[in-house]
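Heads up, the thing below is written out as structure tokens.
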């Protein structure tokens, strides 16, 4: 347990999430995202069949970025740091002072997460979490 002092000088006992529970939460989130992406792609192919190849590619790319970055940012913002995987594992993202994250925090996490988790298959996130004294990535 690590003690955290909030802005109101209240000491909180917070237990940082361990790596296996974080990995399970990310895996559940990725399974949900891939499922939604497949369903949306099938619907998108049917809806854009009459368009030319360039328009189909542009729409597909925009939808892919929206689902990969936009939806997780919106979910974490609206649920105060709890995605589907985090809810299943009993986890929550909090700020340094223990409060719930806001849009700007979720935006930074979402944009960095593309590089940190998806492009490096989570290696950078695991190393950062293991090196950090409070288990933060």
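Numbering (our numbering), first residue to last: 0 to 136.
From the three backbone atoms N, C-alpha and C, an ideal C-beta is built for every residue, glycine too.
Three-state secondary structure (DSSP) of residue 74
Here residue 74 is taken as the residue at index 75 of the chain shown, counted from 1. Helix at residue 74.
Assuming residue 90 and residue 45 form a contact by the criterion Cβ under 8 Å, report the distance between their Cβ atoms to the nearest whole angstrom.
The residue given as residue 90 occupies position 91 in the chain shown. The residue given as residue 45 occupies position 46 in the chain shown. That pair is no contact at about 37 Å.
Three or more C-beta pairs below 8 Å linking the region 105-114 and the region 71-78:
A contact exists between the region 105-114 and the region 71-78.
Less than 8 Å between the beta carbons of residue 84 and residue 18, yes or no?
What you label residue 84 is simply residue 85 of the chain shown in a count that begins at 1. What you label residue 18 is simply residue 19 of the chain shown in a count that begins at 1. In this structure, the beta-carbon distance from residue 84 to residue 18 does not fall below 8 Å.
Cα-Cα separation between residue 117 and residue 55, rounded to whole angstroms
Position 118 of the chain shown, counted from the first residue, corresponds to residue 117. Position 56 of the chain shown, counted from the first residue, corresponds to residue 55. Answer to the nearest angstrom: the Cα atoms are 24 Å apart.
Could you tell me the alpha carbon to alpha carbon distance between residue 128 and residue 53, rounded to whole angstroms?
Counting from 1 along the chain shown, the entry for residue 128 is found at position 129. Counting from 1 along the chain shown, the entry for residue 53 is found at position 54. About 41 Å.
Under 8 Å between C-beta atoms of residue 121 and residue 25:
Indexing the chain shown from 1 puts residue 121 at position 122. Indexing the chain shown from 1 puts residue 25 at position 26. Yes.
Where does the unbroken alpha helix (DSSP H) through residue 104 begin, and where does it stop?
Mapped onto the chain shown, residue 104 falls at position 105. Per DSSP, the continuous alpha helix (DSSP H) segment holding residue 104 begins and ends at 102-112.
Within 10 angstroms of its Cβ, does residue 100 collect 16 or more other Cβ (buried), or is it exposed?
For this step, residue 100 is matched to residue 101 along the chain shown. Under a 10 Å Cβ-count criterion, residue 100 is classified as buried, with 16 or more other Cβ atoms of the shown protein chains found around its own Cβ.
Quick check on residue 19: does DSSP put it in helix, strand or coil?
The residue given as residue 19 occupies position 20 in the chain shown. DSSP places residue 19 in helix when its eight states are reduced to three.
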